[in-house]
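A short write-up of the structure that comes next.
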Amino acid sequence: MFTSVRKTIEIFKVRISLTITLCAVSGVFIMPYSNSFTLNQFLILIFCTFISSASSSAFNQYYEKDLDKLMPRTSQRPFATGFFRTKISWLIGFLTLLIFSLFLAAYYLNIATAIYLLLGALFYGYIYTVVLKRSSIYNIVIGGLAGSFAVLAGSAAVNPMLSVPAIILSLILFLWTPPHFWSLAIAIEEDYAKAKIPMLPNLIGAKSSSYVILSQTVLLIIISFVPLLFNMGIIYLIFVFVGGLYFLWRSIVLVLETTKKNAMSNFFASFIQLGLLLFACIIEGILNYI
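Encoded structure:
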């Protein structure tokens, strides 16, 4: 019983779904304070974002079971091992969860929030998983829009009108995704080659990819400071400076010595950079709210 529950939770890629949810929360706090946005609505946004992300993540595992079998990193996933059979009932369940989350978002928040959540789920669950992952070098570039749409969903929950800070933060998420996943792709290059997934290092080599990663990181860091022109303050500046500097340093190290160990270190450095940036947005927003 416990094993089945644990495996079911594993299907929904909880860590990814929590990250996407954090993006949506950040989208809330970059918006100017609105007394019409209630705590209940905030909690509904968190729930709907997590469920919509989890449903598309679960479909990703369902659809990619053949690829997951080929890669050591993913070979023990429930669908890949056959612990769960890929029955149509799973698809119905995933779709039901997605529709439920979208209905709640549309009813208790607004249509714009539901649309952004739908777009995030579609870009990850269909555009990335079905259309691009097996065929295009730009797979994770486009797939990264899932995080961008989560930011827009969070901001739309407060105000459905597009705002410049929300657009900038969504752009930051979009720029963050390639160096993050290409670093992982260098670290597990053989896995992707075995599964015939066209990741950048498999096509142009690890060394050339490290230069692309560095250039992307530099661009990301530059854009990360743009919110200072709007409603972000000293806390954001400090967090973004520290996180960006660490990510930049690890990217430079990767260029100087392109090893799997350094690639994995850069992969984790990207998490630190993003985490500091998102938490800075939240802290600054809370200070503006009180």
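Using our numbering, you'd call the opening residue of the sequence shown number 37 and step up by one each time.
Built from N, CA and C at the ideal position, the CB exists for glycine as well.
| query | In its own chain, which residues sit with a C-beta less than 7 Å from the C-beta of S245, not counting the 5 before and 5 after it? | reply | W218, I222, L236 and P237
task = Could you pull out every residue in the same chain whose Cβ sits closer than 6 Å to the Cβ of I51, ignoring the five residues on either side in sequence?
result = The sequence given here places Arg at residue 51; Ile does not occur at that position. For R51, where only same-chain residues beyond five positions count, there are no Cβ hits under 6 Å.
Practice task
Tell me the start and end of each unbroken beta strand (DSSP E) in the stretch 54-132 that is at least 3 residues and wholly inside, in chain order.
Solution key: none
### Query
If you drop the 5 nearest sequence neighbours on each side, which residues of the same chain put their C-beta closer than 6 Å to that of R113?
Q97 and D104
So what's P201 in DSSP terms, helix, strand or just coil? helix
Please report the straight-line C-alpha distance between F115 and F277, rounded to a whole angstrom. 41 Å
Could you say which of T132, F261 and M107 lies nearest to C84 if we only look at CA atoms?
T132
- Query: Quick one: is N175 buried, meaning 16 or more other Cβ sit within 10 Å of its Cβ, or exposed?
  - Reply: buried
**Asked** Roughly how many whole angstroms lie between the Cα atoms of L220 and M300?
**Response** 6 Å
Just list the alpha helix (DSSP H) runs in the stretch 206-252, keeping only unbroken ones of 4 residues or longer that don't cross its boundaries, in chain order.
-> 225-230 and 236-240
* Asked: Among residues of its own chain, excluding the 5 on either side of C317, which ones have a beta-carbon nearer than 8 Å to its beta-carbon?
  -> S62, F65, I66, L205, P263, M268 and Y272
Review point. Hey, how far is the Cα of S260 from the Cα of V248?
Key: 18 Å
Please go through the same chain and pick out, in chain order, the residues whose beta-carbon is closer than 6 Å to the beta-carbon of G156, but skip the five residues on each side of it. A182, F185 and A186
| query | Going by other Cβ atoms of all chains shown within 10 Å of its Cβ, with 16 needed for buried, is G161 buried or exposed? | reply | buried
Considering only residues of the stretch 133-208, which uninterrupted beta strand (DSSP E) runs meet the minimum length of 3 residues and lie entirely inside it, listed in chain order?
none
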